[in-house]
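J.:
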Amino acid sequence: MYHKNPSYKVFYYFNLALLIVVSILCILPMIHIFAVSLSGKSAAESNLVTFFPIDFNLESYARTFENDNFTNAIWISVMRAIIGTVLSMAVTVMAAFSLSRSSVEFKARVFYVWFFLVIMIFDAGLVPNYLLIQQLGLVNSFWVLILPGLVNVWNMILMMNFFRVLPKELDEAAIVDGASTFRILFSVYLPISLPAIATISLFTMVGHWNSWFDGMLYLRSQDQWPLATLLQTIVVVQDFSKTGITPEDMAMLSNRSVKSAQIFIAMLPILAVYPFLQRFFVKGIVLGAVKE
Amino acid sequence: MKNTDIISSPARSSTGRTSKNPFRKTWRLHILLLPAVLLAIIFKYAPMPGIVMAFQDFKPWLGISQSPWVGWDNFQLMFTLRGTVQVIWNTLIISVMKIIFGLAVPVLFALMLNEVRNMGMKRSIQTMVYLPHFMSWVILGGILLDLLSLDGIVNRFLVMVNLDPVMFLGEGDWFRTTVIVSDLWKEFGFSAIVFLAALSGINPDLYEAAEIDGAGRMQQTIHITLPSLLPMMVVVFTLSLGNMLNANFDQIFNLINPLVLEKGDIIDTFVFRSFQDGQYSLATTVGLFKSAIGFILISGGYYVAYRWANYRIF
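Chains as they are written, first to last, in the working numbering: chain E, 6 to 297; chain R, 3 to 316.
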């Protein structure tokens, strides 16, 4: 047995130690930001904080939530995540069900597959997309954050592959009982696919929460921005001229511990759903990536 | 659609008369696809004719129908402007490095993690390394700007061990390195999932037989584990080739600054800046160039993955 070999044992513990170091390196930056956000202003500004807060206080969080720009942006992000995910899942599940039928049963399937493949591998590009959104009158509308992203071909494929591995007998039994296609989808497939639906919903929700470019591109006025877009301007660009934020707010927002608090607040929902995500995603991704 | 169609059930439609028209049996399946198809037509297909702007001198006040045609002039301009050539070159360097390390490191990590027998330990490591994947580049950009600044925690550490501080985001070559390494840091764990899945699918009898033949762990890895991972590596590699001109807009845009524009600017950030400057035709041309090459690479990649590794997406 190689397990008992002394040189393998040396390798084993060296390997384990290296893995532990690497995995800690993956979360240390987040811990640092968290520590800065809980630290006093002077300690944060003079860069004394490493991984533990100095002069522990919650002031930066209190000041962040006092700011109307910020709470408003959180609200918009929450709305877009909920509405976007619900609508996207409805579209995805329905389309995936049809695509999961065999081409013998559903001859047009081949056509639809190519139809969706094309949009998966070819994108018209930034300028044509922008001009279209402008023509549709969606610029400066909340719905620009939802509608263009509703069709996600990759999610459709994941869902379709999940439907495909369900036993054929389920359909056959339902058809014998006289169920229509709609009944089969809503009363047979949907209930047993809840884990897969939950997985893809969580991924979609995280995607919405993190998405910032559409807000920046299509929404002029800062009070329509989702949190990610606002954060991008405050933390990354550090340009407040376009945002309509008052000079007093600006001085407050550029404070380092407040900035860290804002970054941490933006991470919080993801951290909250992360345990659930992790339980499901390995299975979901493997389902989509490896077949047969 | 006639009323009789709605009444006909799948069971009844299998009689000779109705089965002549396949739509009678499947119209519900078409209905279920309708929302997705409509949205795809409106938001994905409708912009496609807009690519003709690449062959025009597009003026917003004239629109696509009135703007003058210039043939391939924009493409000629693209390849003669020093800026654009440099941008394509930057994109290639950054993305190729990302593709190479983005394949090698996850495979290595999966192999290393596969040796860990303590399940609790294995799970904790996985929990930590998958986490950065779920954070957006806005969040990570904010964190990196803080960590890597001249008085940030990384440079304080370097000074502590008597090294010179480094301008990670302020000097061209360091910027590229930072971009490649931070992308690797974010994604290596998550990319390893497919390889871990492939590893758990290897038949244990193979290892047992090798054990009896006296093979050590190293030999087992070379002769059993790696060959078993090869098909998945081929799939991941060919599919990632589609990203050759895609160096990750979100990341670069959130880390770039005027100091490193020459070595750090990529196609997507260039397109966005040209668009903001009102150079619609140039932006469309460079974007179309990227989309067209990407289209060829991705479809080629899928074809190769299909032929060699029997990988099918739909």
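Backbone N, C-alpha and C define an ideal beta-carbon position, used for all residues, glycine too. All figures in this text were calculated on a predicted structure; none of them were measured in a lab.
Based on Cα-Cα distance, which residue from N205(R), L243(R), L35(R) and D148(R) lies nearest to P229(R)?
T.: Checking every option, the nearest Cα to that of P229(R) belongs to N205(R).
J.: Determine the direct distance from the alpha carbon of A56(R) to that of F291(R), and round the result to whole angstroms.
T.: Their backbone Cα atoms lie some 9 Å apart in a straight line.
J.: Helix, strand or coil: which one does DSSP assign to Q58(R)?
T.: Strand at Q58(R).
J.: Give the residues of chain E in contact with T286(R), contact being defined as C-beta atoms less than 7 Å apart.
T.: Per Cβ cutoff of 7 Å: G130, V132 and P133.
J.: Do we get a CB-CB distance below 9 Å when we pair Y308(R) with the residues of chain A?
T.: Structure shown: chain A not included; protein chains present are E and R.
J.: Using alpha carbons as the reference points, say which of F218(E), M35(E), G154(E) and R106(E) lies closest to L273(E).
T.: Here the closest residue by C-alpha is M35(E).
J.: Within its chain, find whatever has a CB closer than 8 Å to the CB of F281(E); leave out the 5 residues flanking it on each side and keep chain order.
T.: Once the five neighbours on either side are set aside, the close Cβ partners of F281(E) are A203 and L207.
J.: Check whether the Cβ of Q237(E) lies closer than 9 Å to any Cβ atom in chain R.
T.: Yes, because at least one Cβ of chain R sits closer than 9 Å to the Cβ of Q237(E).
J.: Pick helix, strand or coil for W71(R), following the three-state DSSP scheme.
T.: Reduced to three states, the DSSP call for W71(R) is strand.
J.: Would you mind reading off the limits of the alpha helix (DSSP H) that contains R119(R)?
T.: Where R119(R) is concerned, there is no enclosing alpha helix (DSSP H), given that its DSSP letter is neither H nor E.
J.: Report the neighbours of T204(E) on chain R: residues whose CB is nearer than 7 Å to its CB, in chain order.
T.: Chain R residues near T204(E): none, gap ~13 Å exceeds 7 Å.
J.: Which residues bound the alpha helix (DSSP H) around I224(R)?
T.: Careful: I224(R) lies outside any alpha helix (DSSP H) and carries neither H nor E.
J.: With distance defined between alpha-carbon atoms, name the residue in G289(R), S202(R) and R158(R) nearest to T227(R).
T.: The option with the nearest alpha carbon to T227(R) is S202(R).
J.: Relative to the C-alpha of F60(R), which candidate in Y282(R), N92(R) and V306(R) has its C-alpha closest?
T.: Comparing Cα-Cα distances from F60(R) to each of Y282(R), N92(R) and V306(R), the minimum goes to Y282(R).
J.: Consult DSSP for R106(E) and reduce its assignment to one of helix, strand or coil.
T.: Of the three classes helix, strand and coil, the one that applies to R106(E) here is coil, per DSSP.
J.: Note down, in chain order, each residue of its chain lying with its Cβ closer than 8 Å to the Cβ of I268(E), except the 5 sequence neighbours on either side.
T.: Closer than 8 Å at Cβ, skipping near neighbours: I38, S42, L236 and V240.
J.: Am I right that M235(R) and V109(R) are in contact with their C-beta atoms under 8 Å? What's the rounded C-beta distance?
T.: Right, the Cβ-Cβ distance comes to about 6 Å (below 8 Å), so this counts as a contact.
J.: So, is Y305(R) buried or exposed, given that buried needs 16 or more other C-beta atoms within 10 angstroms?
T.: Y305(R) should be labelled exposed.
J.: For the alpha helix (DSSP H) that N245(R) lies in, which residues bound it at each end?
T.: No alpha helix (DSSP H) holds N245(R); DSSP gives it neither H nor E.
J.: Count the other C-beta atoms from every protein chain shown that fall within 10 angstroms of the C-beta of K296(E), then say buried if there are 16 or more, exposed otherwise.
T.: Because the pLDDT of K296(E) is 40, which lies under 50, any placement of that residue in the model is unreliable, and the question is left without a value.
J.: Please look up how many angstroms separate the CB atoms of I205(E) and M164(E), rounded, as I've assumed it's under 8 Å.
T.: The pair is a contact, with the Cβ atoms about 6 Å apart (cut-off 8 Å).
J.: Can you pull the chain R residues whose beta carbon is under 7 Å from the beta carbon of F127(E), in chain order?
T.: What F127(E) touches in chain R: S293 and F297.
J.: Output yes or no for whether 9 Å exceeds the beta carbon distance between Y279(E) and F136(R).
T.: Closer than 9 Å, so yes.
J.: Taking beta-carbon pairs under 8 Å, can you tell me which members of the segment 145-172 of chain R lie near chain E?
T.: Those would be I145, L146, L147, D148, L149, D153, G154, I155 and R158, in chain order.
J.: Distance cutoff 9 Å, beta carbons only. Does R261(E) sit that close to anything in chain R?
T.: For R261(E), the answer is yes, since a Cβ of chain R falls inside 9 Å of its Cβ.
J.: Can you tell me whether V278(E) is helix, strand or coil according to DSSP?
T.: Three-state DSSP puts V278(E) in a helix.
J.: For the segment 28-45 of chain R, which residues have a CB atom closer than 8 Å to at least one CB atom of chain E, in sequence order?
T.: The segment 28-45 of chain R vs chain E, Cβ under 8 Å: T28, R30, L31, H32, L34, L35, P37, A38, V39, L41, A42, I44 and F45.
J.: How about G143(R): is its C-beta nearer than 9 Å to some C-beta of chain E?
T.: At least one chain E Cβ lies under 9 Å of G143(R).
J.: Whole angstroms is fine: what's the gap from I43(R)'s alpha carbon to A101(E)'s?
T.: One C-alpha to the other measures close to 17 Å.
J.: Check each residue of the segment 82-104 of chain E: if its Cβ is closer than 8 Å to any Cβ of chain R, include it; give the result in chain order.
T.: Residues passing the 8 Å Cβ filter: A95, V96, T97, M99, A100, F102, S103 and L104.
J.: Looking at the C-beta of K247(E), does it have a partner C-beta in chain R at a distance below 9 Å?
T.: For K247(E), the predicted model reports a pLDDT of 49, less than 50, meaning its position is unreliable; a value from the coordinates is still stated below. It does not; no Cβ of chain R falls within 9 Å.
J.: For L34(R), tell me which candidate among R188(E), A67(E), A78(E) and A40(E) has the shortest Cα-Cα distance.
T.: When only C-alpha atoms are compared, the closest one is R188(E).
J.: Is the distance from the Cβ of F75(E) to the Cβ of T69(E) below 9 Å?
T.: Yes, these two residues count as a Cβ contact at 9 Å.
J.: Measuring straight from C-alpha to C-alpha, what distance separates L175(E) and E64(E)?
T.: L175(E) and E64(E): Cα-Cα distance of roughly 57 Å.
J.: Does at least one heavy atom of the ligand MG sit under 8 Å from the Cβ of N260(E)?
T.: In terms of ligand content, the structure shown is empty, and the ligand MG therefore cannot be addressed.
J.: Given this structure, state the Cα-to-Cα distance separating R314(R) from F111(R), to the nearest angstrom.
T.: Cα-Cα distance, rounded: 26 Å.
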